[in-house]
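Here is the structure we will look at, set down as structure tokens.
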Amino acid sequence: GGAHELAEELREYFDGKRRGFSFEPAMPVNPLRAAIYAEVRGIPYGSTATYGEIARRVGVHPRVVGTALRWNEVLILTPCHRVVGARGLGGFELGARAKEILLGIEKVSLRGNWRRTL
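In this text, residue positions in the sequence shown follow the working numbering: the first is 3, and each later residue adds one.
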């Protein structure tokens, strides 16, 4: 069923063999969070966007983006690990090391000019 397929897709993602998912998580009821999550889901595999870039697209302050992403319940399907700070990695619910690992799976270099925008 669905859970087995999702587990298989996640396993493939962590093995570096999958770039996207066939599952579309439900959008939050809150329209602002829904807009932010939609922007985050639009960040391509292997790329990043800053909190400020997402904020400009949605029309809010970058801190609002960070706050909304703290409520993200589907961390890989809504890839908030691809949202970074203008001068650094930024926060992540599972910690900076987990964010580094996920970006590493996607071959985003964390050295030098590591930030790749949309």
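Glycine residues also receive a C-beta, built at the ideal position from the N, C-alpha and C atoms.
What number of angstroms, rounded off, separates the C-alpha of F94 from the C-alpha of A51? Approximately 14 Å, taken between the alpha carbons.
If you drop the 5 nearest sequence neighbours on each side, which residues of the same chain put their C-beta closer than 8 Å to that of E11? The beta carbon of E11 lies closer than 8 Å to those of R20, F23, S24 and F25 in the same chain, with the five residues before and after it left out.
In this structure, does DSSP put G97 in helix, strand or coil? Looking at G97 - three-state DSSP - the assignment turns out to be coil, as it is neither helix nor strand.
May I have the straight-line CA-CA distance separating A100 from H83, to the nearest angstrom? Distance between the alpha carbons of A100 and H83 is about 9 Å.
Helix, strand or coil for V121, going by three-state DSSP, please let me know. Within the shown structure, residues of the chain are numbered from 3 to 120, placing residue 121 beyond reach of any answer.
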